[in-house]
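As numbered in numbering that gives the first Met the number 0, residues 0 to 722 make up the sequence shown, in order.
Backbone N, C-alpha and C define an ideal beta-carbon position, used for all residues, glycine too.
On a predicted model such as this, the values are computed, not experimentally measured, just so you know.
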Amino acid sequence: MSAPAPFRVLLRVLPVVLLLLAAASVRADPPGRVARVNHVEGSVSLAPAGDDEWTEAPRNRPLTRGDRLWTDRGSRAELQVGSSALRLDGRTRLDILALDDRSTQLSLTQGTLYVRVRSIPEGENFEVDTPNLAWRAAWPGDYRIDVDPGEGTTRVTIHSGTGAVYGESGQALPLGGGQQITFRGRELAQLAAQESPPLDGFDRWAQARNRREDQSIAARYVPREVVGYQDLDPHGQWRRDPVHGAVWLPQAMPADWAPYRHGHWDWIGPWGWTWIDDAPWGFAPFHYGRWTLLDEQWAWVPGRLGVRPVYAPALVAFLGGGTGSVTWFPLAPGEAWRPPYRTSPAYLGAVNRDLALEANPVHAHQRSPQALTSVAVSDFHRGRPAGAGWLRIAANVLMNAQVVAPPAMPDRTALAQARANRVPVTAPASVRQVVADAARPEATTRSASPAPALRAQAATQPPVRAAAPAASDPAPAAAASTRAATPQPARVPKAVAVAREAARSEAVAVRREPGAVRGSRGAAAPPPVRAQAPLPARPVAAEARQAAQAAAARQRAVRQLEAKRAVAARTEEARRDKLRAADLVRREATARRAEQLQRQEQLRREAVARRAEHARRQAHAQQVEQARQAAERDARALAEQRVRREQQARRAEQEREQAERAAWQRAQQATTEQWRREHDAWEQRQRPRGRPDLRSDPRYEPAYRTPEVWQRGIPLLAPGRTS
């Protein structure tokens, strides 16, 4: 018996719904990659996402989508984004448009940017947008982009590697190593093309920073995707631990130092409470890995080298239950971190490196006063430094404290007080100049290119993403408009613009009507005339006929106006229908594209899973083979050791037998000599007695005259005196 129709529909729809829920959960995950200001020379300003106030850029604050940076004249800065490095020269404005595990999209509106792309894994995108073009890296290498807003040009220099630039209408131009091209406008109009010029001071400075990265000792123990690994070299040393592997120990730390103690907390979306450390090296050890105590000294355990790192706001656990403050401690190796936000199982497995979350976990540092840090609730929410006024917890309170969730999101008052602690700086001058250019009238013509940001602000030339040509590789998407410190001019809504246009056309139509129509709206007073002779009176019928004609003319004018209004309304309705149809087609195309991308993503994940399974099997086979070879080596070693022991035993036995034989021979010789002496003495005593000499008896000739008997060393007669 077949199932009812509704149940069959439900069974068909259920897998799709589950797939969409899983995809939505994955999309809800925060990005696992962030940026960080590694090095600053001079003055660098930061405007966080959603905030128009510019402050001095903190060194250990994570940078993410929506953050904006500005370097003053004569200043320089270096950013790390994954394994790539960004170097900014003076008077440079850089915005982060997108930053996640798959894409890095930046906006350069002014200044000079030097990009060192160390690696581009399959399926990832690295892109820089300018007011003239969108540049995308296709291969690891060194690239430089210069934007001159005064001349309206963008110069792209390829020191090494390959890439491509995209124009507004979909044009694409590949670029190779050793090229330098200057573009103007948004259609990839080339002003100059030449080979890469000799290195200037900024290039030499950037390449010196490259060499520093290449020579980093920390890169031997941690992946280069770990943000801030370069600063570990001058502030600590590496050690090989038999339990945890490679560990890093900071040097010259105070006696009461502990991880997550000297710094402050800040609310940064989308993660929430984020730890910002005060140490110059305080980024990588506080957002990746775990901490442990080795010989009463804190050591950072980064984990396995081959695993791609995932950023975490702070790898700590919070305590509650009678403490009256906010208390936290670092997680130890092998302890899973529980994010305070909603995530997918894949994200949990990646950030915890496949450590399982337990219902009641046991933490190594939970009861250790040396690891705990506690501050007042008000100081925590206001972002005050924790190391200046951290509290100590009583032993009885500590025994009853339990692991709890992090504090909730602060209110507006706490956020305002936290912002008051920042040092404000003057907004970049380039931002004000861009806003001044924005006062020009907006372009009304529409381009055929599907780049809304380019069409909407063609006059101001903000950082945009130009559309790429139709190909298998997705083209860069249109970039968002540049945020400025001063307000942008208000844009007129589309409906209001349409209404104004209809009113304007109606006024023109009314002005073109005959005088009778205009007179119907109220006749003006006639001009004064000189007195003339009275005219003859008009007949009443003629006046009535003229009045009827005027009324008919007014009615015709009203009907014509109404007909024109109806035509205008039908035209507007047809235009709206056309727009709705085009929007529907666009949405359907977007849906199909999204479905295609989803299928491609699913196929890619399946391929990745197959490759991972194949790699796992190969690794398992290699481990089995290595174990077998190790067992064979051990067996051979044991056999060789046993043979050596037997040989040694035989040599020892032979030496012992030789020693015993030599001792026996010496004893026999000594006995023979003793016997001879005693025998000679006895013979001398027997001579006076006249006893016969038995040696002269032929019967004893063989016994006494044979040399072999005396050579043996053993006498035939027992030693001693005989009668």
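Exercise. What separation, rounded to the nearest whole angstrom, lies between the Cα atoms of L560 and D576?
Worked result: 24 angstroms
Exercise. Just curious, the alpha helix (DSSP H) that R210 is in, first and last residue?
Worked result: G200 to D213
Problem set entry | Cβ neighbours of R490 in the same chain (closer than 7 angstroms, five flanking residues each side left out) | Here R490 scores only 39 on pLDDT, less than 50, and its place in the model is too uncertain to base an answer on.
Exercise. What is the rounded straight-line gap between the Cα of P384 and the Cα of R101?
Worked result: 35 angstroms
For this session: Compute the Euclidean distance between the alpha carbons of P61 and N124, then round it to the nearest angstrom.
Result: 20 angstroms
Exercise. What does a CB cutoff of less than 7 angstroms around R307 pick up in its chain, not counting 5 residues either side in sequence?
Worked result: P222 and E224
For this session: Thinking T103 and E126 are a contact (beta carbons under 8 angstroms), I'd like their distance in whole angstroms, please.
Result: Yes, T103 and E126 are in contact; Cβ-Cβ is about 7 angstroms, under 8 angstroms.
For this session: Could you tell me if W681 is buried or exposed, where buried requires 16 or more neighbouring beta carbons within 10 angstroms of its beta carbon?
Result: By the 10 Å Cβ count, W681 comes out exposed.
Exercise. Hey, quick one: how far does the beta strand (DSSP E) through H38 stretch, first residue to last?
Worked result: A34 to E40
Exercise. Does DSSP put E194 in a helix, in a strand, or in coil?
Worked result: strand
Exercise. With a CB to CB cut of under 6 angstroms and the five nearest residues on each side skipped, what residues in its chain are close to Y287?
Worked result: V225 and P308
Exercise. Is S82 closer than 8 angstroms to G41 when the C-beta atoms are compared?
Worked result: no
Problem set entry | Option nearest N359 by Cα separation, candidates A316, R381, T108 and W327 | A316
For this session: Please determine if the stretch 106 to 117 and the stretch 200 to 209 are in contact, where contact requires at least 3 C-beta pairs separated by less than 8 angstroms.
Result: yes
Exercise. What are the boundary residues of the alpha helix (DSSP H) that F379 is part of?
Worked result: V376 to R381
For this session: Provide the residue span of the beta strand (DSSP E) that contains V246, from first to last.
Result: G244 to P249
For this session: Assign V430 to one of three DSSP states: helix, strand, or coil.
Result: Caution applies to V430, whose pLDDT of 46 falls short of 50 and renders its modelled position unreliable; the value that the coordinates give is listed next. The answer is helix: DSSP assigns V430 an H, G or I state.
Exercise. Taking the runs of the beta strand (DSSP E) that are 3 residues or longer, which of them lie wholly in the stretch 218 to 242?
Worked result: 235 to 240
For this session: Check D50 in the structure and name its three-state DSSP category.
Result: coil
Exercise. Counting Cβ pairs closer than 8 angstroms, one from the stretch 361 to 379 and one from the stretch 339 to 347, do we hit at least three?
Worked result: With fewer than three CB-CB distances shorter than 8 angstroms, the stretch 361 to 379 does not count as touching the stretch 339 to 347.
Exercise. According to DSSP, is V623 helix, strand or coil?
Worked result: helix
For this session: Would you mind sorting S44 into buried or exposed? The rule is 16 or more other CB atoms within 10 Å of its CB.
Result: buried
For this session: Could you name the residues of the same chain whose beta carbon sits closer than 7 angstroms to that of I95, not counting the 5 residues immediately before and after it, in chain order?
Result: Contacts found: A34, L62, T63, R64, G65, D66 and L105.
For this session: Note down the Cα distance separating P312 from A568, rounded to an integer number of angstroms.
Result: 57 angstroms
Exercise. What separation, rounded to the nearest whole angstrom, lies between the Cα atoms of H380 and A278?
Worked result: The alpha-carbon separation between H380 and A278 amounts to approximately 21 angstroms.
Exercise. Would D265 be called buried (16 or more neighbouring beta carbons within 10 Å of its own) or exposed?
Worked result: buried
For this session: Report all residues from its chain with a CB closer than 7 angstroms to the CB of T291; omit the five preceding and five following residues, and keep chain order.
Result: H243, A298, V300, A331 and P332
Exercise. Do you know whose CA, among G305, V376, G281 and W134, lies nearest G319's CA?
Worked result: V376
Problem set entry | Buried versus exposed, by CB contacts within 10 Å (16 or more), N399 | exposed
Problem set entry | Simplified DSSP assignment, three categories, for R641 | Note: R641 maps to helix in three-state DSSP.
For this session: Quick one: using the 10 Å Cβ neighbour count with 16 as the cut-off for buried, is G177 buried or exposed?
Result: It counts as exposed.
Exercise. Where DSSP assigns a beta bridge to T152, which residues make up the other side?
Worked result: T152 pairs with D147 and R183.
Exercise. So which of E52, H364 and Y346 has the shortest CA-CA distance to W356?
Worked result: Just to set this straight, residue 356 is Leu in the shown sequence, not Trp. The residue with the shortest Cα to Cα distance from L356 is Y346.
Exercise. Is it right to say Q79 is buried, meaning 16 or more other beta carbons lie within 10 angstroms of its own, or is it exposed?
Worked result: Buried is the label assigned to Q79, since at least 16 other Cβ atoms lie within 10 Å of its Cβ.
For this session: Give the straight-line distance between the Cα atoms of A404 and P338, rounded to the nearest whole angstrom.
Result: 9 angstroms
Exercise. Thinking C-alpha only, which one of S159, N131 and G122 is nearest G140?
Worked result: S159
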